[in-house]
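Below you'll find the structure, written out as structure tokens, and then a few comments.
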Amino acid sequence: MAKTKNLGKVFQSPFRYPGGKGFLSEYLENELLKIDVDIPDYAEPYAGGAGAAIKLLSAGKVRRIRINDADQRIFSAWSAILNDNERFIHSIDEVRVDIKNWNKYAEIVKNPALAQDPFQLGFATFFLNRTNRSGIILKAGPIGGHKQAGDWKLDARFNKDSLIKRIKWIGEKSDHITLSNHDGLAYLKRAGKAAYSRKTLFFVDPPYVKAGGRLYLNLMTERKHKQLGEYLEGGHIPHWVVTYDHCPLIEDIYSRSHQSDLTVVYSLQKKRNQRELLIKSPSLAA
Ligand SMILES: C[S@@+](CC[C@H](N)C(=O)[O-])C[C@H]1O[C@@H](n2cnc3c(N)ncnc32)[C@H](O)[C@@H]1O
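Numbers 0 to 285, taken from numbering that gives the first Met the number 0, label the letters of the sequence shown in order.
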């Protein structure tokens, strides 16, 4: 059984993520105990805000987290936080959270070629993630609307002190965080050949089949979802957990695997319950 130690404060991801899975960290903690190493590693091939990864690392439940996302914007944001931490903190401290900046950063996020450098693209992505409705980076408007006439204003989710604490902690832990920018399946295939994959829990949270494209970049097709399922069920990677929206396609793809229901309360505008599917590798299903 894995030995774990609690290192003190559990940090939240600095991102707000539609469909974010920070709330699954306790469930994943139990799955990690089934991996027969002292303290396992943990990887998210479709990381987004890496909500569970950050909680698990800060709680001392995993030794290293590997976060991968195909979206250049999300990757740039993580990269700026990890590799240019002080500049990122300074930028949060200095930035005016107003519609003028929202417009400037929205243009950059829409057209990354406009960014002066990858850092600016990363910061623009982060700014929009914290100031857009529901944390949707691409297809949502600003909290409080363009006229800022509502009760909620643009900075409602931009608490500088709290964000700086989280970002600073990530900077301190950067030696324990590996970042990459590949297609999730290509990433998994490469990982499957590497020795570290034997002692790693892979938490696979791909774009939803139905609503994915509305919420974030969705580079998945039906064929890709099938290929992912075939690869995971092929046993190349011992320990994995997958989450999806409930739909016949996914139930069918993973028909040989252990499936269970997950009821999640999301607040995308209105709070709503959503049934999701949780599927796991044979090594964890026992
Ligand atoms: C459901 S979200 C992940 C949310 C994450 N678990 C969290 O807690 O924040 C899916 C992520 O997959 C990324 N993505 C979309 N297509 C991808 C692909 N083919 N390969 C890797 N990442 C992809 C999106 O950019 C998005 O960040």
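All C-beta atoms in this analysis are idealised placements derived from N, C-alpha and C, irrespective of residue type, glycine included.
{"Item": "Cutoff 8 Å: Ser24 Cβ touching any chain C Cβ", "Value": "In the structure shown, chain C cannot be found, because there is only a single protein chain."}
{"Item": "7 Å CB neighbourhood of Phe157 in its chain, flanking five on each side removed", "Value": "Val96, Arg129, Thr130"}
{"Item": "Coarse secondary structure for Gln119, derived from DSSP in three states", "Value": "helix"}
{"Item": "Asn128 beta carbon near ligand 1 (any heavy atom closer than 7 Å)", "Value": "no"}
{"Item": "Contacting residues, own chain, Cβ-Cβ under 6 Å from Lys20 (five flanking each side not counted)", "Value": "Gly50, Ala51, Asp204"}
{"Item": "Contact test: Lys159 Cβ vs ligand 1 heavy atom, cutoff 7 Å", "Value": "no"}
{"Item": "Alpha-carbon spacing of Arg86 relative to Pro111, whole angstroms", "Value": "20 Å"}
{"Item": "Buried or exposed by the 16-neighbour rule on C-beta atoms within 10 Å, applied to Phe126", "Value": "buried"}
{"Item": "Contact under 8 Å by Cβ, Lys223 with Leu277", "Value": "no"}
{"Item": "Rounded separation between Lys192 and Glu221 - CA only", "Value": "25 Å"}
{"Item": "Any non-hydrogen atom of ligand 1 within 7 Å of Ala69 CB", "Value": "yes"}
{"Item": "CA nearest to the CA of Lys60, picked from Arg72, Pro39, Leu187", "Value": "Pro39"}
{"Item": "Cβ-Cβ distance between Arg15 and Gly140 below 8 Å", "Value": "no"}
{"Item": "Distance CB(Ala284)-CB(His257) smaller than 8 Å", "Value": "yes"}
{"Item": "Simplified DSSP assignment, three categories, for Ala114", "Value": "coil"}
{"Item": "Buried versus exposed call for His288 [16 or more other C-beta atoms within 10 Å across all chains shown]", "Value": "One cannot answer for residue 288 here, as it falls past the ends of the chain, which runs 0 to 285."}
{"Item": "Pro206 to Gln226 span [Cα, whole Å]", "Value": "14 Å"}
{"Item": "Cβ shell of Ile169 (< 6 Å), same chain only, five flanking positions each side left out", "Value": "Ile80"}
{"Item": "Distance between Glu250 and Leu27 (C-alpha atoms, nearest Å)", "Value": "21 Å"}
{"Item": "DSSP state of Asp174 mapped onto helix, strand, coil", "Value": "helix"}
{"Item": "Same chain only: Cβ atoms within 6 Å of Phe10, ignoring 5 sequence neighbours per side", "Value": "Ile53, Ser57, Arg165, Trp168"}
{"Item": "Residue interval of the beta strand (DSSP E) (run including Ala100)", "Value": "Strictly speaking, residue 100 in this sequence is Asn, with Ala absent from that position. Where Asn100 is concerned, there is no enclosing beta strand (DSSP E), although the alpha helix (DSSP H) it sits in stretches over 98–109."}
{"Item": "Reference Arg63, options Gly47, Asp37, Leu137, closest by Cα", "Value": "Asp37"}
{"Item": "Residues near Asn180 by beta carbon distance below 6 Å, same chain, minus five either side", "Value": "Phe74"}
{"Item": "For Lys172, the nearest candidate out of Arg65, Gln115, Arg189 (CA to CA)", "Value": "Arg65"}
{"Item": "Length of the line joining the Cα atoms of Gln71 and Leu162", "Value": "22 Å"}
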